């Protein structure tokens, strides 16, 4: 009696978890049914063997073993489901005036919406990238969030980083030098956040407005920001740790800072929101938000 009741309890936990795991791949329904049949056969065999064994085991030991088995299965399936659930969120951030909102509109509509727009609230939406709307087949929508660049509003960034598949740090390549230090400080704070470091969230430094003749190159911008961040490392290391808000440190002690030293991947790219040249941005998004 105890054995039969125990097997019913185990099956009542296993069955919905198995079905839930298989249903997560809706595009492969035939394969899912085959897997379900295999699961049923294996479970049936397991039950027959287990029943013979359980009849010989005292009931108190049976329930203890069942609790361990159920907990283990729940843990393993939870890990499996979490690994298969990939985020489709990409966050746009950077200083105010760098062109984030225009890039957002280009990604969504293929339009600038009549030029520069200063955002005081995050722009966000889940949509198919404009350049993919004419493609055939099922296309995975992307959740894009444009976080305001004003210093008083940057705290909103922390709301979106935990679910981010990637972060795009937008830099004004035309007016870069006057804002180099401030932009580097913002990037330093981003790269030392626990949510970015622990999840190794990829970061793209997107040099916007490169269609202008006097705009700086992405190579120049990368080197200058590395130099500024290196200075920040030195100055902030001299401050008491109690006064530092950063969760992690950057670089290798005693060496000149380089983005290659970061635990997460940091790359650079060119773009022009006004002319619609955002192919490198789109490539970054699709690299980290798979179809």
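Numbering (mature numbering (1 follows the signal peptide of the UniProt record, and there is no 0)), first residue to last: -21 to -1, 1 to 270.
Even for Gly, the Cβ is constructed at its ideal location relative to N, Cα and C.
Computed from a prediction, not measured in an experiment: that's the story for all the values here.
Residue i versus residue j: straight-line alpha-carbon distance, rounded
i, j, result
"residue 209", "residue 111", "40 Å"
"residue 51", "residue 164", "45 Å"
"residue 49", "residue 177", "30 Å"
"residue 149", "residue 213", "25 Å"
"residue 169", "residue 175", "7 Å"
"residue 201", "residue 185", "10 Å"
"residue 268", "residue 23", "39 Å"
"residue 211", "residue 65", "34 Å"
"residue 116", "residue 264", "19 Å"
"residue 132", "residue 139", "13 Å"
"residue 172", "residue 35", "55 Å"
"residue 75", "residue 129", "5 Å"
"residue 227", "residue 77", "26 Å"
"residue 197", "residue 216", "28 Å"
"residue 146", "residue 157", "23 Å"
"residue 7", "residue 20", "At residue 7, the pLDDT of 43 sits below 50, so the modelled position is not reliable; the number obtained from the coordinates is stated separately. C-alpha separation (whole angstroms): 20 Å."
"residue 27", "residue 37", "18 Å"
"residue 108", "residue 159", "30 Å"
"residue 113", "residue 155", "36 Å"
Buried versus exposed call for residue i [16 or more other C-beta atoms within 10 Å across all chains shown]
i, result
"residue 90", "exposed"
"residue 100", "exposed"
"residue 151", "buried"
"residue 118", "exposed"
"residue 249", "buried"
"residue 121", "buried"
"residue 231", "exposed"
"residue 179", "exposed"
"residue 229", "buried"
"residue 161", "exposed"
"residue 72", "buried"
"residue 166", "buried"
"residue 273", "Nothing can be reported for residue 273: it is not among the residues displayed for the chain, which extend from -21 to 270."
"residue 68", "buried"
Cβ shell of residue i (< 6 Å), same chain only, five flanking positions each side left out
i, result
"residue 153", "188, 191 and 194"
"residue 244", "181"
"residue 257", "85 and 250"
"residue 246", "183"
"residue 106", "87 and 120"
"residue 240", "230 and 231"
7 Å CB neighbourhood of residue i in its chain, flanking five on each side removed
i, result
"residue 104", "87 and 123"
"residue 84", "90, 91 and 92"
"residue 259", "248, 249 and 250"
"residue 242", "176 and 179"
"residue 252", "78, 81, 82, 85, 91 and 187"
"residue 199", "none"
Run of the beta strand (DSSP E) containing residue i, from where it starts to where it stops
i, result
"residue 148", "143 to 151"
"residue 245", "245 to 249"
"residue 71", "68 to 73"
"residue 125", "121 to 125"
"residue 182", "182 to 187"
"residue 35", "First-last for residue 35: undefined, no H or E at that position."
"residue 103", "102 to 106"
Contacting residues, own chain, Cβ-Cβ under 8 Å from residue i (five flanking each side not counted)
i, result
"residue 135", "101, 126 and 127"
"residue 219", "Only weak support is given to the placement of residue 219: the predicted model assigns it a pLDDT of 48, under 50, and the question is left unresolved by the model."
"residue 142", "66 and 68"
"residue 137", "172 and 174"
Terminal residues of the alpha helix (DSSP H) in which residue i lies
i, result
"residue 241", "No alpha helix (DSSP H) holds residue 241; DSSP gives it neither H nor E."
"residue 168", "155 to 170"
"residue 263", "258 to 267"
"residue 200", "197 to 216"
"residue 173", "173 to 178"
"residue 83", "79 to 88"
"residue 234", "That residue, residue 234, is in no alpha helix (DSSP H); it is neither H nor E in DSSP."
"residue 190", "Here residue 190 belongs to no alpha helix (DSSP H), and DSSP marks it neither H nor E."
"residue 136", "136 to 139"
Handout entry: Three-pair Cβ contact test at 8 Å for the segment 226 to 237 versus the segment 199 to 208
Key = yes
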